[in-house]
Structures are given as structure tokens and as C-alpha cells.
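Residue numbers (the working numbering): 29 to 155.
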């Protein structure tokens, strides 16, 4: 399972760097984007080159296009990619809204590497 490709979306460079190290250490291929707009571009370019992304791991609070808008656009476009959202502001209403939009999992900050990997594996294992 760990040969999967994850698109990591976060506007904080240090967060992306740290999470990418954890993901790569566990055998995942990692693509990175610093915004929702860049994530859409990476996904479009990947589709053109037959590089599939198995999971989008995105933060919610980002400058410009936030994670909620990214999720909305992906779902409206019919993109079947699995979504796992990271949030430090996980009120029940937001989490319910995300799940209703098709997000497969929400991981609440702060989390450690093992919690992240467990959440990713759980989402990837779903049909």
C-alpha cells in the first residue's frame, strides 16, 4: 500500500517539509503544493502524464484558496481522489460539512507521525 502517491497541500513550508519527510520515510511518493490553486495544477498536470494521485492530504486554513474550497472544486469536478484533511480548528460543524462533501478522514492538529500514517492507511484502505 505504501507505494501510493500523496499530494500534500499546506501553505507553511516547514509543515510541508516535515510531513513530506514522514511520508517518504513510510514509503509514500510525495507531491507538494503550497495552495489549493497549486494543488489543482499539480493534479491536472499529473492527469496529463498519467501520474495518479491516490490521496490529497490538505490543510484547511490556507491563504488564497483554502482547503474547503479545494475539496469543493475537486468534488464538483468529479475527481475521484481520496481526501484527508488536517485541521487545528475542527469544530463539529466543519467536520460534518467536510464529511458530507466526500472527505474520507479528518485529522486534528497537533498529531504525530504515527497518527498521520494510521489515518492515511485507513483512508487508502477504503473502497
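For every residue, glycine included, the Cβ atom is placed at its ideal position computed from N, Cα and C.
When you compare each of 61, 110, 121 to residue 92 by their alpha carbons, which one comes out closest? Of all alpha-carbon atoms in 61, 110, 121, the one lying nearest the alpha-carbon of residue 92 is that of 61.
Minimum C-alpha distance to residue 72 - residue among 136, 143, 107: Between residue 72 and the set 136, 143, 107, the nearest pair of CA atoms involves 107.
For residue 154, which residues in the same chain have their Cβ closer than 8 angstroms to its Cβ, ignoring the five residues on either side in sequence? 110, 132
Would residue 98 and residue 86 be called neighbours here (beta carbons separated by less than 8 angstroms)? yes
Contacting residues, own chain, Cβ-Cβ under 7 angstroms from residue 134 (five flanking each side not counted): 113, 115, 118, 123, 126
Reduced DSSP secondary structure (H/G/I, E/B, other) of residue 98: helix
The beta strand (DSSP E) that contains residue 110, what's its start and end? 110 to 115 is the extent of the beta strand (DSSP E) around residue 110.
Can you tell me which of the three DSSP states residue 54 falls into? coil
Cut-off 7 angstroms between Cβ atoms - residues of its own chain near residue 58, not counting five sequence neighbours on either side: 34, 36, 48, 51, 52
What does the alpha-carbon distance come out to for the pair residue 105 and residue 139? 30 angstroms
Can you tell me the Cβ-Cβ gap for residue 88 and residue 95, rounded? I've got them flagged as a contact below 8 angstroms. In this structure residue 88 is in contact with residue 95, their Cβ atoms being roughly 4 angstroms apart against a cut-off of 8 angstroms.
Of the listed residues 31, 121, 43, 38, nearest to residue 79 (C-alpha basis): 31
Give the DSSP-derived three-state secondary structure of residue 133 in the structure shown. strand
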